[in-house]
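Trainee:
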Amino acid sequence: MVPPRVPRDTLPVGRRALRFLSEDSAGNLEAAKAASLAVDGTAPVSSVSAGEPKLALADGRTLVAARTPITALAQDPEVAGVAVGVAGLSAALDDAALAAYTGPLTRAGADGAHTVRSQATDRLGNAEAVHERTFFLDT
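So that you can map any letter, position 8 of the sequence shown is 7 in numbering that gives the first Met the number 0, and since no number is skipped, the others follow by simple counting.
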């Protein structure tokens with residue numbers, strides 16, 4: 000008997016019950032066994048926000064000062080009763096490479112637009128697309 004294989008991308012997200020047994024070459028069957036598993040194919044979600052001082056303009060831009068803390072957060076949403084948790088959160092300012100987020104980002108450089116990027120990954124390796132948010136430095 001050849002063991003059945005189920006491609007992991009075909010399992011619907013949520014909690015699943017699995018029943019299985021084996022058969023040897025003489026046709027002897029073992030007693031059926033059961034296991035439960037949780038399928039998580041949903042990426043976590045990150046967000047970036049500015050602390051104080053800041054000023055939200057009517058056109059949607061956010062002005063910040065050099066001392067304004069820019070923070071990133073991530074959460075793994077529960078979908079169909081399953082969430083495995085955030086494994087990592089990366090962030091970067093302007094052209095810097097994404098790196099592990101360890102605390103508020105600081106802005107350096109000239110007044111004007113500065114872009115913060117963030118990306119979260121869960122404990123199964125599901126990663127969200129990189130998010131970008133632009134703040135406007137006014138010193």
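Glycine residues also receive a C-beta, built at the ideal position from the N, C-alpha and C atoms.
Identify the residues that DSSP records as bridge partners of Arg-15: which are they?
Mentor: The partner list for Arg-15 (beta bridge, DSSP) reads Leu-36.
Trainee: Please state whether DSSP places Arg-122 in a helix, a strand or coil.
Mentor: Three-state DSSP puts Arg-122 in coil, outside helix and strand.
Trainee: What residues in its chain sit with their C-beta under 6 Å from that of Arg-122, if we drop five residues either side in the sequence?
Mentor: The residues are Val-83, Gly-84 and Ala-86.
Trainee: With DSSP as the reference, label Thr-144 as helix, strand or coil.
Mentor: Missing from the structure shown is residue 144; the chain here goes from 0 to 138 and no further.
Trainee: State the DSSP-derived secondary structure class of Gly-111, mapped to helix, strand or coil.
Mentor: Gly-111 falls in the strand class under three-state DSSP.
Trainee: Mind checking Pro-43: buried by the 16 CB within 10 Å criterion, or exposed?
Mentor: It counts as buried.
Trainee: Over the uninterrupted beta strand (DSSP E) stretch that includes Arg-132, give me the two end residues.
Mentor: Counting along the chain, the beta strand (DSSP E) containing Arg-132 begins and ends at 130-136.
Trainee: Report the three-state DSSP secondary structure of Thr-61 (helix, strand or coil).
Mentor: Strand at Thr-61.
Trainee: Closest to Leu-28 by C-alpha separation, out of Gly-102, Phe-134 and Phe-19, would be which residue?
Mentor: Among Gly-102, Phe-134 and Phe-19, the Cα nearest to that of Leu-28 belongs to Phe-19.
Trainee: Rounding to the nearest angstrom, what Cα-Cα distance links Gly-124 and Gln-74 in this structure?
Mentor: If I take the Cα positions, the gap works out to 14 Å.
Trainee: With a threshold of 16 other CB atoms inside 10 Å of the CB of Thr-120, please say whether the residue is buried or exposed.
Mentor: Flag for Thr-120 reads buried.
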